[in-house]
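In our numbering, the protein residues as written are 46 to 152.
Put into structure tokens, the structure is as follows:
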């Protein structure tokens, strides 16, 4: 998944994105794995299960790090030993960064 989150070339500009991950992603350690990858990239946000079997991921940080994170979430096959099986990652919904977010948590 090639992302287009950095049209200005400013990889340091902060952004917050929300994506929904579909596949076999609940009950397999996917949220924990997502948190670990986000923290490696210095991102903040959360990953939470939804009632329809998806995992919603909200991540905030520099555009360049967000783009790398989204690529890792969607890459096939996973080179980061991703648990479960990702079928699709939704198009990122971009929004303004929030000052009240800290850390990256599993909800």
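Don't be surprised by glycine CBs; every beta carbon is placed ideally from N, CA and C.
Could you name each continuous beta strand (DSSP E) segment of 3 residues or more that falls completely within the region 62 to 111, going from the start of the chain to the end? 89 to 94, 100 to 107
Have a look at 62, 143, 66 and flag the residue whose alpha-carbon is nearest the alpha-carbon of residue 98. 66
Looking at residue 59 and residue 87, is the spacing between their C-beta atoms short of 9 Å? no
Once the 5 residues before and after residue 118 are set aside, which same chain residues still bring their CB inside 6 Å of it? 134
Return yes when the Cβ of residue 91 is within less than 9 Å of the Cβ of residue 150, no when it is not. yes
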